[in-house]
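S.K.:
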Amino acid sequence: MNELIPVLAPIGILAVIGWWFKIFLTNRRIQKMAQIQADLQKQLIEKFDSAQELKMYLESDAGSKLMQSVAPAKGSPYGRILGSIQSGLILSLGGLALLLMRLQMPDMNADESWALLFIGGLALALGLGFLLSATATYQLSKSWGLVNGHQETES
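For the sequence shown, this note's numbering assigns the number -8 to the initial residue and increments by one for each residue that follows.
#1: Give the secondary structure of leucine 123 by DSSP, where H, G and I count as helix, E and B as strand, and everything else as coil.
#2: Using alpha carbons as the reference points, say which of Leu49, Pro68, Phe121 and Ala88 lies closest to asparagine 139.
#3: I need the straight-line Cα distance from glutamate 50 to aspartate 30, nearest angstrom please.
#4: By DSSP, does phenylalanine 39 sit in helix, in strand, or in coil?
#5: In terms of residue numbering, what span does the alpha helix (DSSP H) encompassing serine 147 cover?
#6: Beta carbon of glycine 70, beta carbon of alanine 114: below 8 Å?
#7: Report the CB separation of isoleucine 148 from alanine 125 in whole angstroms; it is logged as a contact under 8 Å.
#8: Might you give, ordered along the chain, the residues of its own chain that have their beta carbon closer than 6 Å to the beta carbon of isoleucine 72, omitting 5 neighbours on each side?
#9: Does the Cβ of phenylalanine 109 have 16 or more other Cβ atoms within 10 Å, making it buried, or fewer, making it exposed?
Here it is in structure tokens:
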């Protein structure tokens, strides 16, 4: 087990750095798109000479589309549900693999055995938590009409 630490530690560090970098770039892209959209809308609104012209424009089809684009978009629950399922399966299977590895290696010392048990159990618990979260999200989304396009009525 001690031989694996020099191999796995750099891989884990690079994975975390890569994940942070991805989040940073995604956040930066979203901020840049929001700024471009806000500037475009500001320039469009500044072209009107009076409040009456602006009101007439906002009541038109193009104006209503402009106002809808400013409103926060309602996200689909499918992406979150699938992300939770994916994370849950990966963590659960990884945790099970570590627990099985612990059982298949009887010549480990107590510290190594405890480390595999702890990490495997934690990963399995987190994975099952993600799967339960996905199930709860699906059930709530279905009851609220966000999934399958219909909302259940209360009796």
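Each residue gets a CB set at the ideal place from its N, CA and C atoms; glycine is no exception. Just so it is clear, the structure is predicted and the values come from calculations on it, not from any experiment.
M.R.: Quick answer:
#1: helix
#2: Pro68
#3: 21 Å
#4: The answer is coil: DSSP assigns phenylalanine 39 none of H, G, I, E or B.
#5: Lying before the first or after the last residue shown, residue 147 is absent from the chain, which here runs from -8 to 146.
#6: no
#7: Because the chain in this structure spans residues -8 to 146, residue 148 falls outside the shown range and cannot be described.
#8: Spatial neighbours of isoleucine 72 in its own chain (CB-CB distance under 6 Å, excluding positions within 5 residues in sequence) are listed in chain order as Ala125, Thr128 and Tyr129.
#9: exposed
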